[in-house]
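Asker:
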Amino acid sequence: MKALLLQFLHSLRQSFQDLLPIIFVIGFFQVVVLKQGVPQFGEMIAGGLMVLVGLSLFVQGLQMALFPLGEDMAYSFVKKGNLWLLLLFAFTLGFGTTVAEPALIAIADEAASIAATGGVIADADQARESYASGLRLVVALAVGFALLVGVIRILKGWPVQYLIIGGYMCVVIMTAFAPEEIIGIAYDSGGVTTSTVTVPLVAALGIGLANSIRGRDALIDGFGLIAFASLTPMIFVMAYGMFF
Amino acid sequence: MDAIIHFGGTVIGLLGDVLPIAVILIGFQVLVLRRPIHDPARVFFGLLFVLMGLALFLEGLELALFPLGRVMAEQLTSPAFILGPDAEAIVEFAWSDYFWVYIFAAAIGFATTVAEPALIAVAIKANQVSGGTITVTGLRFAVAVGVAFGVALGTFRIVTGTPLHWYIIAGYVIVIFQTSMAPKAIIPLAYDSGGVTTSTVTVPLVAALGLGLAETIPGRSPLLDGFGLIAFASLFPMISVMAYAQISEWRTRRLRDALANLEDST
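In structure tokens, the structure reads:
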């Protein structure tokens, strides 16, 4: 108990250091550049404390649950030796965590209104809604596919750069043909898919897999899953824009 | 009272994030792998910590920093700040009028990235896996420099109205070129750091800046030009992380050569 508390105090101090830059930047621009006072001082302090405690709790929870869970799953799958189950798990994890992601829902709605004003789809609620949910489905499929391919890559020990650079070439070529309205959204959708809860889990899964397979290096083979999950949505969304 | 209800809303929103993960994990672990969960109490409290921690974190940001950051983005891009107090709207401008916007973009990109929880998670893992060669602070610093440069360049693009894909494609060319030169072990991590930079802290502030710019500059549409900043913030960390590895490798090699020379001469 005491050790846990000490650890928490330590991570509290660490979190404070993490937040210092934001406080400094906002303070500097507010006082020096915009020449204004700091409003609502009490709320700033209360909010700052909440952020500190929250960040420390999160890091603690990572070490207790998300990291061990991801690595345990990887070991269990390798021990079980059933490739199809592992691939099914990878796809489900990618699809399931993305389809309900709040940031993605926001982007999909925005994309639908762009498409409606641009005359790509009819400017009606129903058309917008079906466009937005179609887009969400496409991005979720893309992330599921990404984890699937990423896991196969770890098992086979393929170098990550061939696949990623091949994917980027695909993005570049498709940019030339995709409708202009979709390009910005497609590029951004790559960034929003990987949420704060998914990232640690997926990283732990990749490292666990690389660790439990002989001949794989945790650093070289274990990382890379997140990169796939940020790349494939761009390709899938542009394809969606070209064909729908 | 309102604060408690609002906090409850944040918790419910995050549950939507955590629940699918918990269901998938437990479903596979218990039904498919048929293995009991190791130390379930610890896992339960860990997940609870993640959930409550993120809720407090987001709520605190919403209370203290986000409103101020958004107002700041609006003020810095407003005609009154750019062209002086008498200006009503921006008709004619030079890209250099937006000097403070670029500085703000870089500073806020750097600062929010350092506090990004997902990046902290990846940095902790990278540190463990590399046996301490990659330091948690070093990696986060490298990523933050990349985001700072990316967001600043992204605001420059919105101001000048040059096409997004020119920058992105040029960035990819640099990534490909660096990939062939950088130490092999850093490449997957560098690619991953592109994806983790843009989440809870960075996106809301950076998006506000992009929208503020696209709304006030004539000829820019918030819908078309407001997007794209996040793409910049995901691209440049790859470049900066590989550069970080290249620089540290180059320094180690130079040090080793210097030592070898010293031994030869004695």
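Those sequence lines, one after another, are chains D and L.
Plus 1482 on top of the position in the first sequence (first one is 1) and you've got the working numbering.
Plus 46 on top of the position in the second sequence (first one is 1) and you've got the working numbering.
Glycine included, C-beta positions come from ideal geometry on N, C-alpha and C.
These numbers come from a predicted model, not from an experiment.
Just the Cα atoms here: how many angstroms apart are leucine 61 of chain L and valine 168 of chain L?
Answerer: If I take the Cα positions, the gap works out to 22 Å.
Asker: In chain L, what lies closer than 9 Å to methionine 1555 of chain D by C-beta?
Answerer: Residues of chain L passing the Cβ test: Leu71, Phe74, Gln75, Leu79.
Asker: For chain D, check one thing: does any of its Cβ atoms lie closer than 8 Å to the Cβ of valine 160 of chain L?
Answerer: Valine 160 of chain L counts as touching chain D.
Asker: With contact counted as at least three CB pairs below 8 Å, one residue from each stretch, are the stretch 175-184 of chain L and the stretch 214-226 of chain L in contact?
Answerer: No, the stretch 175-184 of chain L does not touch the stretch 214-226 of chain L.
Asker: So with Cβ pairs under 8 Å, would you call threonine 1574 of chain D a contact of chain L?
Answerer: It does; some Cβ of chain L falls within 8 Å.
Asker: So the alpha helix (DSSP H) threonine 225 of chain L belongs to, where does it begin and stop?
Answerer: Unbroken alpha helix (DSSP H) run through threonine 225 of chain L: 210-227.
Asker: Pop quiz: valine 1625 of chain D and threonine 1675 of chain D are said to be a contact at Cβ under 8 Å. What is the actual Cβ separation, rounded to whole angstroms?
Answerer: Valine 1625 of chain D to threonine 1675 of chain D, Cβ: 5 Å. Contact.
Asker: For a cutoff of 8 Å on Cβ pairs, would you count methionine 1720 of chain D as touching chain L?
Answerer: It does not; no Cβ of chain L falls within 8 Å.
Asker: Please list the residues of the stretch 1637-1652 of chain D that have a C-beta atom closer than 7 Å to any C-beta atom in chain L, keeping them in chain order.
Answerer: From the stretch 1637-1652 of chain D, only Val1642, Gln1643, Ile1646, Ile1647, Tyr1650 have a Cβ closer than 7 Å to chain L.
Asker: Assess, as a yes-or-no matter, whether the stretch 1681-1699 of chain D is touched by the stretch 155-170 of chain L under the definition of 3 or more beta carbon pairs within less than 8 Å.
Answerer: The stretch 155-170 of chain L is in contact with the stretch 1681-1699 of chain D.
Asker: Between D:Leu1551, D:Ala1582, D:Ile1647, which has its C-alpha nearest proline 82 of chain L's C-alpha?
Answerer: Comparing Cα-Cα distances from proline 82 of chain L to each of D:Leu1551, D:Ala1582, D:Ile1647, the minimum goes to D:Leu1551.
Asker: Measuring only between beta-carbons, confirm whether valine 1515 of chain D sits less than 8 Å from chain L.
Answerer: Output row for valine 1515 of chain D: interface = yes.
Asker: Anything in chain D within Cβ reach of threonine 246 of chain L, meaning under 7 Å, just list it in chain order.
Answerer: Simply Thr1678.
Asker: I'd like the list of long-range same chain contacts for glutamine 1499 of chain D, defined as Cβ closer than 6 Å, with 5 residues on each side in sequence excluded.
Answerer: Contacts found: none.
Asker: Sorted by chain position, which residues of the same chain lie with C-beta nearer than 7 Å to valine 247 of chain L's C-beta, five sequence neighbours on each side aside?
Answerer: Leu107, Thr158, Ala161, Glu162, listed in sequence order.
Asker: Determine, using beta carbons only, whether leucine 251 of chain L and glutamine 1512 of chain D come nearer to each other than 8 Å.
Answerer: Cβ atoms of leucine 251 of chain L and glutamine 1512 of chain D: not closer than 8 Å.
Asker: Count the other CB atoms, across all protein chains shown, that sit within 10 Å of the CB of arginine 203 of chain L; report buried if there are 16 or more and exposed otherwise.
Answerer: It counts as buried.
Asker: Can cysteine 1652 of chain D and isoleucine 1717 of chain D be called in contact, C-beta distance under 8 Å?
Answerer: For cysteine 1652 of chain D and isoleucine 1717 of chain D, yes; Cβs fall inside 8 Å.
Asker: Rounded to a whole number of angstroms, what is the C-alpha to C-alpha distance between alanine 1628 of chain D and methionine 1720 of chain D?
Answerer: For alanine 1628 of chain D and methionine 1720 of chain D, the distance between alpha carbons rounds to 16 Å.
Asker: Any beta carbon from chain L within less than 8 Å of glutamate 1525 of chain D's own beta carbon?
Answerer: By this cut-off, glutamate 1525 of chain D is an interface position.
Asker: Would you check if the distance between the CB atom of isoleucine 1589 of chain D and the CB atom of isoleucine 1655 of chain D is smaller than 8 Å?
Answerer: Not closer than 8 Å, so no.
Asker: Is proline 234 of chain L close to chain D, meaning its C-beta is less than 8 Å from at least one C-beta of that chain?
Answerer: Taking Cβ atoms only, chain D reaches closer than 8 Å to proline 234 of chain L, which makes this a yes.
Asker: Using a Cβ-Cβ cutoff of 8 Å, what residues of the stretch 107-127 of chain L are near chain D? List them in chain order.
Answerer: Answer set for the stretch 107-127 of chain L: Leu107, Glu108, Leu109, Ala110, Leu111, Leu114, Gly115, Met118, Gln121, Leu122, Phe127.
Asker: So the candidates are D:Tyr1669, D:Met1724, D:Leu1691; which of them puts its Cα closest to the Cα of leucine 1470 of chain D?
Answerer: What is shown of chain D runs 1483 to 1726, which leaves residue 1470 of chain D out entirely.
Asker: Using Cβ-Cβ distances below 7 Å, what residues of the stretch 58-70 of chain L are close to chain D?
Answerer: Hits within the stretch, in order: Gly59, Gly62, Asp63, Val64, Pro66, Ile67, Ile70.
Asker: Using a Cβ-Cβ cut-off of 7 Å (strictly less than) and excluding sequence neighbours within five positions of serine 1712 of chain D, which residues of its own chain qualify?
Answerer: For serine 1712 of chain D, where only same-chain residues beyond five positions count, the Cβ hits under 7 Å are Gly1672, Gly1673, Thr1675, Thr1676.
Asker: Which class does lysine 171 of chain L belong to by DSSP, given the choice of helix, strand or coil?
Answerer: Reduced to three states, the DSSP call for lysine 171 of chain L is helix.
Asker: With a CB to CB cut of under 6 Å and the five nearest residues on each side skipped, what residues in its chain are close to phenylalanine 156 of chain L?
Answerer: These residues qualify, in order along the chain: Ala190, Ala194.
Asker: Along the chain, where does the alpha helix (DSSP H) that runs through proline 139 of chain L open and close?
Answerer: Per the sequence shown, residue 139 of chain L should be read as phenylalanine rather than proline. Segment: none, phenylalanine 139 of chain L is in no alpha helix (DSSP H) and carries neither H nor E.
Asker: Where are the alpha helix (DSSP H) runs, 4 residues long or more, that stay fully inside the stretch 238-273 of chain L, in chain order?
Answerer: Entirely contained in the stretch 238-273 of chain L, the alpha helix (DSSP H) runs reaching 4 residues are, in chain order, 248-262, 268-271.
Asker: Leaving aside the five residues before and after aspartate 1591 of chain D along the sequence, list all residues of the same chain whose C-beta is less than 6 Å from its C-beta, in chain order.
Answerer: Here the set comprises Ala1614.
Asker: Report, in whole angstroms, the separation of the C-beta atoms of isoleucine 1508 of chain D and methionine 118 of chain L, which I expect to be a contact under 8 Å.
Answerer: Indeed they touch by this definition, with Cβ atoms about 7 Å apart.
Asker: Considering only C-alpha positions, which residue in the set D:Gln1522, D:Phe1523, D:Phe1506 is nearest to isoleucine 1515 of chain D?
Answerer: In the sequence as displayed, the identity of residue 1515 of chain D is valine instead of isoleucine. With distances taken between Cα atoms, valine 1515 of chain D lies closest to D:Phe1506.
Asker: Taking DSSP as the reference, what is the three-state secondary structure of arginine 81 of chain L?
Answerer: In the structure shown, arginine 81 of chain L sits in coil (DSSP, three-state: anything other than H, G, I, E or B).
Asker: Using a C-beta cutoff of 8 Å, does phenylalanine 1540 of chain D count as contacting chain L?
Answerer: Phenylalanine 1540 of chain D counts as touching chain L.
Asker: Just to confirm before moving on: does the CB-CB distance between serine 294 of chain L and glycine 241 of chain L stay below 8 Å?
Answerer: No. Outside cutoff.
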